[in-house]
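Step one of this worksheet: look at the structure below.
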Amino acid sequence: MTRLQILRAMHALTAERHERVEPMFAVRQADQPLIDMPTNLGFTMRGPVANDAMRHQYAPFAVDAPYEPIEVFLTLLATHEGGTYFDIGANLGYFSLVAACNRAAGAPLVVHAFEPAPFYHELLRHNILSNRLSRIVRPHALAVAECSGEETLHLLDTNSSLEPTWAQETRGHAPLGTVAVRAAALDDLFDPADLLAPFMFKIDVEGAEMAALRGGERLLRSSEAAFVLVETHEDSEGQRAVLQLLTEWGYTCFGLARYSKGQYFNVWNDRLIGLEEVSDDPSLWCDYWMCLRGDHPRAQEIVSQYNLYGVFVSTRYLDSEALADLLERRADEAPGA
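Take a look at the structure:
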């Protein structure tokens, strides 16, 4: 087949899959069929057929962009040499699995994956066990909060939040329901002295960012805390409070430009927006922020390797074996080889 014929066939197959699944988007994810899909990052994942992370695997060319590419890339950079990775708001466990399956050989890594919603926690546990990662990834059926105790979790299909007004403010309608869950402050669960260093955090808690941060102040202010990737959902004032707190704790925060207004679909936009750039321009506020402890060696490694993002995006549909083969071929083809 010619290259154009292959492209046509790929497009037709992907479009057919996407159209077949599209009616499922209106169905609550807990009621959707569950499918198992291999990824190009070294693991297989089970989830509802219309879940975003799933459809990026079986119909990658029919969706607007790769699944959260900058976040995946930053997770690879942050966890490659090991340490302790906190996946707070793990959902199906995609980022936990990315970290566990792509660390350097022999690198000591422990992943703590928090998912309080019962439906998604069961899928998280399945994905850990089916990929034989239980020695690395430890699931917690807990909401991360400022104080330990019982909380009410407000459910909105694939998302959930401890904030009662979050669903109305961000999605325009009331949550689908609520469930009582156990909550814990990170500082009640972990002593920094008992953890593998450095510490990396991914926080996706749908409006409850401040509570999660305050409950982990000792961990986050530890000299071994290097990296925080946080998704914010509130207006610029709410985002400013979250980022101001991290700044006070010694972090330098950068917005991921792809997630500022008008930039969402530009997968190639790897520009980092300094906090000082957006203070007076709400249109530049981003949904995702990378916060680094600048004097930590791991943070410096992340900055020094950030220029690899373009290569990561351009090879995103190749698994590691295919990528290694491509490297070998390119090396053989190099002038003077």
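Residue numbers for the sequence shown follow the working numbering, so the first one is 1 and each next one is one higher.
Glycine included, each C-beta is placed from N, C-alpha and C at the ideal position.
Residue nearest to residue 165 in terms of C-alpha spacing, selected from 192, 136, 206, 91: As a working mapping, residue 165 is identified with position 165 in the sequence shown. It is 206.
Mind checking residue 128: buried by the 16 CB within 10 Å criterion, or exposed? Position 128 of the sequence shown holds residue 128. Under this definition residue 128 is a buried residue.
Status (buried if at least 16 other CB within 10 Å, exposed otherwise) for residue 132: As a working note, residue 132 is residue 132 in the sequence shown. By the neighbour-count definition (other C-beta atoms within 10 Å, threshold 16), residue 132 is an exposed residue.
Give the straight-line distance between the Cα atoms of residue 201 and residue 39, rounded to the nearest whole angstrom. Taking the sequence shown and counting its residues from 1, the one referred to as residue 201 is at position 201. Taking the sequence shown and counting its residues from 1, the one referred to as residue 39 is at position 39. Computed Cα separation, rounded: 23 Å.
DSSP-derived helix/strand/coil call for residue 11: As a first step, residue 11 must be located in the sequence shown, where it is residue number 11. DSSP places residue 11 in helix when its eight states are reduced to three.
For residue 296, report the span of its beta strand (DSSP E) as first-last. As a working note, residue 296 is residue 296 in the sequence shown. In the DSSP assignment, residue 296 falls outside any beta strand (DSSP E), carrying neither H nor E.
Between the CA atoms of residue 24 and residue 33 - distance to the nearest angstrom: The residue labelled residue 33 in the question sits at position 33 within the sequence shown. The residue labelled residue 24 in the question sits at position 24 within the sequence shown. Roughly 9 Å separates the two Cα atoms.
DSSP on residue 280, reduced to helix/strand/coil? In the sequence shown, the residue the question calls residue 280 occupies position 280. Correct three-state label for residue 280: coil.
Hey, residue 298 and residue 198 are a contact pair by Cβ (cut 8 Å); roughly how many whole angstroms apart? As a working note, residue 298 is residue 298 in the sequence shown. As a working note, residue 198 is residue 198 in the sequence shown. That pair is a contact at about 5 Å.
Give me whichever residues DSSP pairs with residue 180 in a beta bridge. On the sequence shown, position 180 is the one that residue 180 refers to. Per DSSP, the beta-bridge partners of residue 180 are 152.
What residues match up with residue 203 in a beta bridge as DSSP calls it? In the sequence shown, the residue the question calls residue 203 occupies position 203. Residue pairing by DSSP places residue 203 opposite 88, 230 in a beta bridge.
Whole-angstrom distance between residue 75 and residue 97, CA atom to CA atom: The sequence position of residue 97 within the sequence shown is 97, counting from 1. The sequence position of residue 75 within the sequence shown is 75, counting from 1. For residue 97 and residue 75, the distance between alpha carbons rounds to 10 Å.
By Cβ distance, which residues of its chain are closer than 6 Å to residue 141, with the 5 residues on each side in sequence left out? Looking up residue 141 in the sequence shown gives position 141. Here residue 141 has 121 as same chain residues with Cβ atoms under 6 Å from its own Cβ, once five neighbours each way along the sequence are excluded.
The alpha helix (DSSP H) spanning residue 97 covers which residue range? Counting from 1 along the sequence shown, the entry for residue 97 is found at position 97. Per DSSP, residue 97 belongs to the alpha helix (DSSP H) from 94-101.
Selection from 195, 105, 324 that minimises the alpha carbon distance to residue 187: The residue given as residue 187 occupies position 187 in the sequence shown. Residue 187 has its Cα closest to that of 195, out of 195, 105, 324.
Between the CA atoms of residue 240 and residue 276 - distance to the nearest angstrom: Taking the first residue of the sequence shown as 1, we reach residue 276 at position 276. Taking the first residue of the sequence shown as 1, we reach residue 240 at position 240. Roughly 11 Å between the two C-alpha positions.
Can you tell me whether residue 116 sits near the ligand GDP, meaning its C-beta is under 7 Å from at least one heavy atom of the ligand? The ligand GDP is absent from the structure shown, which contains no ligands of any kind.
Work out the CA separation of residue 1 and residue 255 for me, nearest whole Å. As a working note, residue 255 is residue 255 in the sequence shown. As a working note, residue 1 is residue 1 in the sequence shown. The alpha-carbon atoms of residue 255 and residue 1 are separated by roughly 43 Å.
Please report the distance separating the alpha-carbon of residue 258 from that of residue 72. Looking up residue 258 in the sequence shown gives position 258. Looking up residue 72 in the sequence shown gives position 72. It is roughly 14 Å from the alpha-carbon of residue 258 to the alpha-carbon of residue 72.
Cβ of residue 51 within 8 Å of Cβ of residue 92? In the sequence shown, residue 51 corresponds to position 51, counting from 1. In the sequence shown, residue 92 corresponds to position 92, counting from 1. Closer than 8 Å, so yes.
Evaluate residue 146 with the Cβ neighbour count: other Cβ atoms within 10 Å of its Cβ, from every protein chain shown; 16 or more gives buried, anything less gives exposed. Locating residue 146 in the sequence shown gives position 146, counting from the first residue. Result: buried.
Identify every residue that forms a DSSP beta bridge with residue 48. On the sequence shown, position 48 is the one that residue 48 refers to. When beta bridges are read from the DSSP output, residue 48 appears opposite 34.
Using CA atoms only, rank isn't needed, just tell me which of 82, 22, 85, 83 is closest to residue 54. Along the sequence shown, one-based indexing puts residue 54 at 54. Nearest of 82, 22, 85, 83 to residue 54, Cα basis: 22.
Under a Cβ-count criterion, where at least 16 other Cβ atoms within 10 Å of its own Cβ denotes burial, should residue 318 be classed as buried or exposed? Residue 318 sits at position 318 when you count from the first residue of the sequence shown. It is exposed - the Cβ of residue 318 has fewer than 16 other Cβ atoms within 10 Å.
Meets three-Cβ-pair contact criterion under 8 Å: the segment 104-116 and the segment 225-233: Not touching, per the Cβ criterion.
Comparing alpha-carbon positions, which option in 77, 80, 15, 84 lies nearest residue 56? Position 56 of the sequence shown, counted from the first residue, corresponds to residue 56. The residue among 77, 80, 15, 84 with its C-alpha nearest the C-alpha of residue 56 is 15.
Start and end residues, beta strand (DSSP E) containing residue 159: Against the sequence shown, residue 159 aligns to sequence position 159. For residue 159, the uninterrupted beta strand (DSSP E) run begins and ends at 159-161, by DSSP.
Give the straight-line distance between the Cα atoms of residue 307 and residue 3, rounded to the nearest whole angstrom. Within the sequence shown, numbered from 1, the residue matching residue 307 stands at position 307. Within the sequence shown, numbered from 1, the residue matching residue 3 stands at position 3. Each residue's Cα considered, the two are about 29 Å apart.
Going by beta-carbon coordinates alone, are residue 148 and residue 185 separated by less than 8 Å? The sequence position of residue 148 within the sequence shown is 148, counting from 1. The sequence position of residue 185 within the sequence shown is 185, counting from 1. The Cβ atoms of residue 148 and residue 185 lie closer than 8 Å to each other.
Taking residue 177 as the reference, which of 189, 191, 162, 183 has the closest Cα? Along the sequence shown, one-based indexing puts residue 177 at 177. For the options 189, 191, 162, 183, the alpha carbon positioned closest to that of residue 177 is the one of 162.
Just the C-alpha distance for residue 309 and residue 80, rounded to the nearest angstrom, thanks. Stepping through the sequence shown from its first residue, residue 309 is reached at position 309. Stepping through the sequence shown from its first residue, residue 80 is reached at position 80. Near 15 Å, if we compare the C-alpha coordinates of residue 80 and residue 309.
Should residue 233 go down as buried or exposed, given a rule of 16 or more other Cβ atoms within 10 Å for buried? By 1-based counting over the sequence shown, the position of residue 233 is 233. Looking at its Cβ environment, which holds 16 or more other Cβ atoms inside 10 Å, residue 233 is buried.
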